[in-house]
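Beneath this line is the structure, given in structure tokens, with notes to follow.
There are 2 protein chains.
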Amino acid sequence: MENDLIAGVNASRRPARRGIYLADIVDMLQEMPPARAASALAHMPDIRAVGVLDRPEFEAAPEILALLPVSRVIQLVTQMSDDRAADVLAAMGERAEPILAALTPGLRNTITSLIAWPADTAGGMMTTECVSISADATVAQTIEHIRTVERTRETVYSVFLVDDKNKLVATISLRRLITADPASPAIDLARDRDPITVSPEADREIVADLIRRHDLLALPVVDDEHHLLGIVTVDDVLDALVEEYTEDTQKFGGVEALDRPYLDTGMISMIRKRAGWLSVLFLSEMLTASAMQHFEMELQKAVVLTLFIPLIMSSGGNSGSQATSLIIRALALGQVKLGDWWRVALRELPTGIVLGGILGIVGFARVTLWQHLGLFDYGPHWQLVGITVAAALIGIVTFGSLAGSMLPFLLQRLGFDPASASAPFVATLVDVTGLVIYFTIALVILSGTLL
Amino acid sequence: MENDLIAGVNASRRPARRGIYLADIVDMLQEMPPARAASALAHMPDIRAVGVLDRPEFEAAPEILALLPVSRVIQLVTQMSDDRAADVLAAMGERAEPILAALTPGLRNTITSLIAWPADTAGGMMTTECVSISADATVAQTIEHIRTVERTRETVYSVFLVDDKNKLVATISLRRLITADPASPAIDLARDRDPITVSPEADREIVADLIRRHDLLALPVVDDEHHLLGIVTVDDVLDALVEEYTEDTQKFGGVEALDRPYLDTGMISMIRKRAGWLSVLFLSEMLTASAMQHFEMELQKAVVLTLFIPLIMSSGGNSGSQATSLIIRALALGQVKLGDWWRVALRELPTGIVLGGILGIVGFARVTLWQHLGLFDYGPHWQLVGITVAAALIGIVTFGSLAGSMLPFLLQRLGFDPASASAPFVATLVDVTGLVIYFTIALVILSGTLL
Numbered sequence: 235m236e237n238d239l240i241a242g243v244n245a246s247r248r249p250a251r252r253g254i255y256l257a258d259i260v261d262m263l264q265e266m267p268p269a270r271a272a273s274a275l276a277h278m279p280d281i282r283a284v285g286v287l288d289r290p291e292f293e294a295a296p297e298i299l300a301l302l303p304v305s306r307v308i309q310l311v312t313q314m315s316d317d318r319a320a321d322v323l324a325a326m327g328e329r330a331e332p333i334l335a336a337l338t339p340g341l342r343n344t345i346t347s348l349i350a351w352p353a354d355t356a357g358g359m360m361t362t363e364c365v366s367i368s369a370d371a372t373v374a375q376t377i378e379h380i381r382t383v384e385r386t387r388e389t390v391y392s393v394f395l396v397d398d399k400n401k402l403v404a405t406i407s408l409r410r411l412i413t414a415d416p417a418s419p420a421i422d423l424a425r426d427r428d429p430i431t432v433s434p435e436a437d438r439e440i441v442a443d444l445i446r447r448h449d450l451l452a453l454p455v456v457d458d459e460h461h462l463l464g465i466v467t468v469d470d471v472l473d474a475l476v477e478e479y480t481e482d483t484q485k486f487g488g489v490e491a492l493d494r495p496y497l498d499t500g501m502i503s504m505i506r507k508r509a510g511w512l513s514v515l516f517l518s519e520m521l522t523a524s525a526m527q528h529f530e531m532e533l534q535k536a537v538v539l540t541l542f543i544p545l546i547m548s549s550g551g552n553s554g555s556q557a558t559s560l561i562i563r564a565l566a567l568g569q570v571k572l573g574d575w576w577r578v579a580l581r582e583l584p585t586g587i588v589l590g591g592i593l594g595i596v597g598f599a600r601v602t603l604w605q606h607l608g609l610f611d612y613g614p615h616w617q618l619v620g621i622t623v624a625a626a627l628i629g630i631v632t633f634g635s636l637a638g639s640m641l642p643f644l645l646q647r648l649g650f651d652p653a654s655a656s657a658p659f660v661a662t663l664v665d666v667t668g669l670v671i672y673f674t675i676a677l678v679i680l681s682g683t684l685l
Numbered sequence: 235m236e237n238d239l240i241a242g243v244n245a246s247r248r249p250a251r252r253g254i255y256l257a258d259i260v261d262m263l264q265e266m267p268p269a270r271a272a273s274a275l276a277h278m279p280d281i282r283a284v285g286v287l288d289r290p291e292f293e294a295a296p297e298i299l300a301l302l303p304v305s306r307v308i309q310l311v312t313q314m315s316d317d318r319a320a321d322v323l324a325a326m327g328e329r330a331e332p333i334l335a336a337l338t339p340g341l342r343n344t345i346t347s348l349i350a351w352p353a354d355t356a357g358g359m360m361t362t363e364c365v366s367i368s369a370d371a372t373v374a375q376t377i378e379h380i381r382t383v384e385r386t387r388e389t390v391y392s393v394f395l396v397d398d399k400n401k402l403v404a405t406i407s408l409r410r411l412i413t414a415d416p417a418s419p420a421i422d423l424a425r426d427r428d429p430i431t432v433s434p435e436a437d438r439e440i441v442a443d444l445i446r447r448h449d450l451l452a453l454p455v456v457d458d459e460h461h462l463l464g465i466v467t468v469d470d471v472l473d474a475l476v477e478e479y480t481e482d483t484q485k486f487g488g489v490e491a492l493d494r495p496y497l498d499t500g501m502i503s504m505i506r507k508r509a510g511w512l513s514v515l516f517l518s519e520m521l522t523a524s525a526m527q528h529f530e531m532e533l534q535k536a537v538v539l540t541l542f543i544p545l546i547m548s549s550g551g552n553s554g555s556q557a558t559s560l561i562i563r564a565l566a567l568g569q570v571k572l573g574d575w576w577r578v579a580l581r582e583l584p585t586g587i588v589l590g591g592i593l594g595i596v597g598f599a600r601v602t603l604w605q606h607l608g609l610f611d612y613g614p615h616w617q618l619v620g621i622t623v624a625a626a627l628i629g630i631v632t633f634g635s636l637a638g639s640m641l642p643f644l645l646q647r648l649g650f651d652p653a654s655a656s657a658p659f660v661a662t663l664v665d666v667t668g669l670v671i672y673f674t675i676a677l678v679i680l681s682g683t684l685l
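If you're matching them up, the sequences are chains A and B in order.
Okay, so the first sequence: first residue is 235 according to this note's numbering, each after it adds one.
Okay, so the second sequence: first residue is 235 according to this note's numbering, each after it adds one.
Below is the structure:
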């Protein structure tokens, strides 16, 4: 329950709270057993039940609607916003068929065409319930039209002027309409540029970016011939952004994105979402055992080298994880393009060398200090051991920074989401190479003394 | 330049593009040398220059304004939205003083009071340019008032009814106003509940959550006595969310959040942002070297144990990173509260055991397979080595899942941002303990044979 949040923010100044917010009812219904929630929903006044069902965060809606009589569901679905109704009915699968069959043909067509678009595209996010009017209308006619249709439209703050073939001509805002001369043509209020539009196939990240860039309340979705199909509203974009970010964080942590909140995800499903990546990483990381086996002789001769393996390898993974997180966001925000990979590489190379150098100095100091303080004896060649550790750190941190920054580019180039470049993925990539770098440097520096 | 994006989306159907978008001008100005951008801005028509300056993504604005004559800056600042003007002048530091001094006293007071709030609070995000009117007004009076003030208000779609002491009484929407009977009192349009409000100290995450939860276009900011201070609009929240995500991703990757886009961040600043955390992690990870030194005798006797160190430790780090990313988001979305820590622990414990068991089986199979195929000789006690590896994996993955899921709770409890629980931080935490778990299990299982 997120009630605490609102209560927390306002508690000091609102001792007696009036009324109840739709968002709170959603929370309450989702905490009830589905059968009780269905009965509660059945007895609510229509306006409240529809308001609750229209909330995208009401994830239990399909399950609860399936428990209500079809006649009641029809009543509610008919009053819901069409994009949300399409999402809910799509999630009901086969159970939606008797409901779809009983809808009016017009609404059924609208909803089935909305269901056809994937949920994370502009088509899947849009509603057809927007205000559109002929481009010939006057300001007064447009305002009168808004008054008539207001109740059934998701937003009336953006008005879309269309020609006689329903092609989008211009977008105007209600704030300009109410301040304009009622007798003048509405189209005069459109600014001297084409309306910002998006195609129904566009990914939700592109939709979010356009709405954010141009401070829109609604973005019209048009087909190839510029026919107006619907609009995506800013509140849907906010929800999509939050969902997108949750998925990206989970991916970056090396988990397949969860479909439901953490505590509602079943144990089996939770294990399945995590075991996949964990096993893939484990199998790849097995290469480290192979690399170590390859250097078994050196390990036998100089056990002192093994003491620094976790330290050196983790530094490579950490620097890689830093570079990856920076590049994933820079790509997502469009601050860096695919073609910029070499500019990034040219920055990461010196950055990695300097960062590795800093850690190298600290590492060498540690060996020297422990040796002099008598905390540990690294043997007669302790200076050479220290130099090996320092040189390996420079090599591995540089490699980590380069590999971590290039991986998101590579994934994007191959058509994957750059956000799939998880921290564990990068660490694994760097670990295997890191071991080879460490032992190769050790062979060069310690050959003839320890090795 | 993000122009490609828009061009890409619409190219097919818009061969001859009319006009130019403000967001594109911002991009162009930011790519120019500051002196050229200043001269371009100086010669733009006021309406365009102000439109460009009002964009929060125009990060070079303070630098460019500092190059213009004060008289021109005054002209522009006076027309800018007051929240953005406050942000820009705050970023100009001392160079803003002559400008502030030359503003009208009213505007100067507004801007200095806005500058006083930290940028990531409701107070720092709000604008005072909202439509407020006496709670006694009729619908017709309210619409007439909106017509008069429209040009100078950030949004007119939410109207705030206040009493004679400027205390917020109700929020009504323009869409309800234009469909209502002009003679009726405006307050009749308010729904039967208190308006959603936020205090100026509230964090931007709370602001975003309230706006998203209640599908608001504007959220009123009120003080402890419920006086209306200003509003935060949905477009500012979209920008804040994207900025917040970028910072969180960078923190999760183990980098201090960058102030500027990746390619615009200077090399020195980039290294400073990364070296801090990298050094802290390196110093903590040094404990692994100490742990290994403690087990030096065992390492000498059974070099075969070292072969699996990277494999086992990385699995602990990976499972920890998975758990952390899940809990960070669950906490951010309010799906899990601080008091739920034990419910999470009770889920992570069995999850970790099962995940560790899966990896343990794969690990034991690997040792058996290599031994039988003659790829490597793990010695006469290879079964015991395999069992040690499997048992260590169960222990370490369980510990990783538990530690990774509890760390965000601990950080939140201590008043830190749970998003600071970076993947490298968790990996380091798990590495040191992981080594101790591994060698302890080895001592138990291999004592009398290898050890």
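Just so it is clear, CB atoms sit at the ideal spot from N, CA and C, and this is done for glycine as well.
Item to check | Proximal chain A residues relative to residue 537/B, where beta-carbon distance stays under 9 Å | outcome: If you number the second sequence from 1, residue 537/B lands on position 303. Near residue 537/B (Cβ distances below 9 Å), the residues of chain A are 530, 533, 534, 537, 540.
Checklist entry - Taking the Cβ atom as the reference point for each residue, do residue 571/B and residue 565/B lie within a distance shorter than 9 Å? => result Against the second sequence, residue 571/B aligns to sequence position 337. Against the second sequence, residue 565/B aligns to sequence position 331. It is a contact, given that the beta carbons lie within the stated cut-off.
Next on the checklist: Measuring straight from C-alpha to C-alpha, what distance separates residue 275/B and residue 381/B?
Outcome noted: In the second sequence, the residue the question calls residue 275/B occupies position 41. In the second sequence, the residue the question calls residue 381/B occupies position 147. One C-alpha to the other measures close to 30 Å.
Item to check | Coil, strand or helix - residue 528/A by DSSP | outcome: What you label residue 528/A is simply residue 294 of the first sequence in a count that begins at 1. Three-state DSSP puts residue 528/A in a helix.
Next on the checklist: On the criterion of 16 or more Cβ atoms from any shown chain inside 10 Å, does residue 339/B qualify as buried, or is it exposed?
Outcome noted: Taking the second sequence and counting its residues from 1, the one referred to as residue 339/B is at position 105. So residue 339/B ends up on the exposed side.
Next on the checklist: Helix, strand or coil for residue 465/A? Go by DSSP, reduced to three states.
Outcome noted: In the first sequence, the residue the question calls residue 465/A occupies position 231. In the structure shown, residue 465/A sits in a strand (DSSP, three-state: E or B).
Next on the checklist: Please state the DSSP three-state secondary structure of residue 371/B.
Outcome noted: Within the second sequence, the letter at position 137 stands for residue 371/B. Three-state DSSP puts residue 371/B in coil, outside helix and strand.
Next on the checklist: I want to verify the contact list: residues of chain B whose CB lies under 7 Å from the CB of residue 553/A, in sequence order.
Outcome noted: The sequence position of residue 553/A within the first sequence is 319, counting from 1. Residues of chain B passing the Cβ test: 512.
Next on the checklist: Taking only three categories from DSSP, how would you classify residue 650/A?
Outcome noted: For the purposes of this step, residue 650/A is taken as the residue at position 416 of the first sequence. Residue 650/A: coil per DSSP, three-state reduction.
Checklist entry - Going by the beta-carbon positions, is the gap between residue 597/B and residue 632/B smaller than 9 Å? => result Taking the second sequence and counting its residues from 1, one reaches residue 597/B at position 363. Taking the second sequence and counting its residues from 1, one reaches residue 632/B at position 398. Contact: no.
Checklist entry - Along chain A, which residues have their Cβ under 9 Å away from the Cβ of residue 318/B? => result Position 84 of the second sequence, counted from the start, is the residue given in the question as residue 318/B. Those within 9 Å of residue 318/B in chain A number zero; the least Cβ separation is about 12 Å.
Checklist entry - So is residue 314/A in contact with chain B if we call contact Cβ pairs under 9 Å? => result Along the first sequence, read from residue 1 onward, the residue named residue 314/A stands at position 80. No - not a single Cβ of chain B is within 9 Å of the one on residue 314/A.
Checklist entry - Considering only C-alpha positions, which residue in the set 663/B, 304/B, 621/B is nearest to residue 330/B? => result Working through the second sequence from its first residue, we reach residue 330/B at position 96. Closest by alpha carbon: 304/B.
Checklist entry - By the 10 Å Cβ neighbour count, where 16 or more other Cβ atoms means buried, how is residue 332/B classified, buried or exposed? => result Start at 1 with the first residue of the second sequence, and residue 332/B comes out as number 98. Answer is exposed; the Cβ neighbour count stays below 16.
Checklist entry - Taking the C-alpha atoms as reference points, what is the distance between residue 623/A and residue 608/A? => result Position 389 of the first sequence holds residue 623/A. Position 374 of the first sequence holds residue 608/A. So the alpha carbons of these two residues sit roughly 19 Å apart.
Checklist entry - Tell me the DSSP bridge mates of residue 394/A? => result Mapped onto the first sequence, residue 394/A falls at position 160. 366/A, 405/A.
Checklist entry - Which of the residues in the stretch 261–273 of chain B, read from start to end, lie with their CB under 7 Å from any CB of chain A? => result none
Item to check | Best match in 308/A, 267/A, 261/A for proximity to residue 280/A [C-alpha to C-alpha] | outcome: Here residue 280/A refers to the residue found at position 46 of the first sequence. Minimum Cα distance to residue 280/A is reached at 308/A.
Checklist entry - What in chain A is Cβ-close to residue 495/B, meaning under 9 Å? => result Numbered from its first residue, the second sequence carries residue 495/B at position 261. Under the 9 Å cutoff, chain A gives 564, 567, 569, 570.
Checklist entry - Per DSSP, which one or two residues make a beta bridge with residue 456/A? => result Translated into the one-based positions of the first sequence, residue 456/A becomes position 222. According to DSSP, which records beta bridges pairwise, residue 456/A is partnered with 462/A.
Checklist entry - If we ignore side chains and look at the alpha-carbon of each, how far apart do residue 678/A and residue 626/A end up? => result Indexing the first sequence from 1 puts residue 678/A at position 444. Indexing the first sequence from 1 puts residue 626/A at position 392. Straight-line Cα distance between these residues: approximately 11 Å.
Item to check | Closer than 9 Å to chain A by CB, residue 329/B | outcome: The sequence position of residue 329/B within the second sequence is 95, counting from 1. Not closer than 9 Å to any Cβ of chain A, the Cβ of residue 329/B fails to qualify, so no.
Next on the checklist: Checking 9 Å against the spacing of the C-beta atoms, do residue 429/B and residue 371/B come in under that value?
Outcome noted: Counting from 1 along the second sequence, the entry for residue 429/B is found at position 195. Counting from 1 along the second sequence, the entry for residue 371/B is found at position 137. In this structure, residue 371/B does not lie closer than 9 Å to residue 429/B by Cβ.
Item to check | Cβ of residue 523/B within 9 Å of any chain A Cβ | outcome: For the purposes of this step, residue 523/B is taken as residue 289 along the second sequence, with counting starting at 1. So yes, residue 523/B belongs to the interface.
Next on the checklist: In whole angstroms, give me the CA-to-CA distance for residue 393/B and residue 405/B.
Outcome noted: The residue you call residue 393/B lines up with position 159 of the second sequence. The residue you call residue 405/B lines up with position 171 of the second sequence. If I take the Cα positions, the gap works out to 6 Å.
Item to check | Pairwise C-alpha distance: residue 480/B and residue 454/B | outcome: The residue given as residue 454/B occupies position 220 in the second sequence. The residue given as residue 480/B occupies position 246 in the second sequence. Rounded to whole angstroms, residue 454/B to residue 480/B spans 26 Å at the Cα level.
Checklist entry - DSSP beta-bridge partners for residue 432/A? => result Here residue 432/A is taken as the residue at index 198 of the first sequence, counted from 1. Bridge partners of residue 432/A: 455/A.
Item to check | chain A contact for residue 559/B (CB, 9 Å cutoff) | outcome: Within the second sequence, the letter at position 325 stands for residue 559/B. Interface residue, yes.
Item to check | DSSP three-state assignment for residue 382/A, whether helix, strand or coil | outcome: Residue 382/A sits at position 148 when you count from the first residue of the first sequence. The answer is helix: DSSP assigns residue 382/A an H, G or I state.
Next on the checklist: Tell me which residues share the same chain as residue 658/A and place their Cβ nearer than 6 Å to its Cβ, disregarding the 5 neighbours each side in the sequence.
Outcome noted: To locate residue 658/A, count along the first sequence from 1; it is residue 424. Closer than 6 Å at the Cβ level, and outside the excluded window around residue 658/A, lie 488, 515.
Checklist entry - Under the rule that 16 or more other beta-carbon atoms within 10 Å means buried, what is residue 343/A, buried or exposed? => result Counted from its first residue, the first sequence places residue 343/A at position 109. The residue is exposed, with fewer than 16 neighbouring Cβ atoms inside 10 Å.
Checklist entry - What number of angstroms, rounded off, separates the C-alpha of residue 417/B from the C-alpha of residue 459/B? => result Numbered from 1 along the second sequence, position 183 holds the residue referred to as residue 417/B. Numbered from 1 along the second sequence, position 225 holds the residue referred to as residue 459/B. Computed Cα separation, rounded: 31 Å.
Next on the checklist: For residue 589/A, would you say it is in contact with chain B, using Cβ-to-Cβ distances shorter than 9 Å as the test?
Outcome noted: On the first sequence, residue 589/A is found 355 positions in, with the first residue counted as 1. It does; some Cβ of chain B falls within 9 Å.
Item to check | Proximal residues to residue 669/B (C-beta, below 6 Å), its chain only, five neighbours per side dropped | outcome: Mapped onto the second sequence, residue 669/B falls at position 435. For residue 669/B, where only same-chain residues beyond five positions count, the Cβ hits under 6 Å are 522, 525.
Item to check | At least 3 beta-carbon pairs within less than 8 Å: the stretch 599–616 of chain A vs the stretch 646–654 of chain A | outcome: no
Next on the checklist: With the cut-off set at 9 Å, would you say residue 283/A and residue 325/A are in Cβ contact?
Outcome noted: Taking the first residue of the first sequence as 1, we reach residue 283/A at position 49. Taking the first residue of the first sequence as 1, we reach residue 325/A at position 91. Not closer than 9 Å, so no.
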